[in-house]
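These notes concern the structure reproduced below.
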Amino acid sequence: MDHLKTTDPEIFAAVQSEITRQCMQLELIASENFTSLPVLEAMGTVFANKYAEGLPGKRYYGGCEYVDVAEDLARSRAMKLFSAEHANVQPHSGAQANMAVYFALLEP
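Put into structure tokens, the structure is as follows:
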């Protein structure tokens, strides 16, 4: 974030303020979850520039071979974490992502 601090101090200040807000308040919206530093770092990579629709190895656009590597890693890690034979790490929509979290963590 040193580069952002130098090139756009106002945006840097807004980011810092949001970090403070998130540390001080509890969010109960899955799409506004508290992201770990490693995930934030990964989101700030060139993968943020990439559109990758479809499944690994079966994308609708070329140049997705490294996105496929990352998604395959995410899927295999999810399968290991949940002792599952299959995993899909692509949420269809924000609403469905919220429901997935609710059903996984809450009791009726």
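Each residue of the sequence shown is one higher than the one before, counting from 1 in UniProt numbering. From the three backbone atoms N, C-alpha and C, an ideal C-beta is built for every residue, glycine too. None of these values were measured; they are calculated from a predicted model.
Cβ neighbours of residue i in the same chain (closer than 6 Å, five flanking residues each side left out)
i: T20; result: none
i: E18; result: none
i: E85; result: none
i: residue 109; result: Absent from the structure is residue 109, since the part of the chain shown begins at 1 and ends at 108.
C-beta neighbour in chain B for residue i, strict 7 Å
i: E53; result: You won't find chain B in this structure, because it holds only one protein chain.
Contacts around residue i, its chain only, beta-carbon distance under 7 Å, and the 5 residues preceding and following it disregarded
i: A30; result: A97, N98, V101
i: S76; result: none
Coarse secondary structure for residue i, derived from DSSP in three states
i: G94; result: helix
i: K58; result: strand
i: C64; result: coil
i: D72; result: helix
i: K50; result: coil
i: T45; result: coil
i: F34; result: coil
i: E107; result: coil
i: H3; result: helix
i: Q16; result: helix
i: Q25; result: coil
i: E10; result: helix
i: A84; result: coil
Contacting residues, own chain, Cβ-Cβ under 8 Å from residue i (five flanking each side not counted)
i: F34; result: Q22, E27
i: K50; result: G63, C64, V67
i: L4; result: I11, F12, V15
i: G57; result: D68
i: P91; result: A97, A100
With 16 other Cβ atoms within 10 Å as the buried cut-off, status of residue i
i: E71; result: buried
Inter-stretch contact (C-beta, 8 Å, three-pair minimum) for the stretch 33-45 and the stretch 56-68: Here the stretch 33-45 makes no contact with the stretch 56-68; the two share fewer than three CB pairs at distances below 8 Å.
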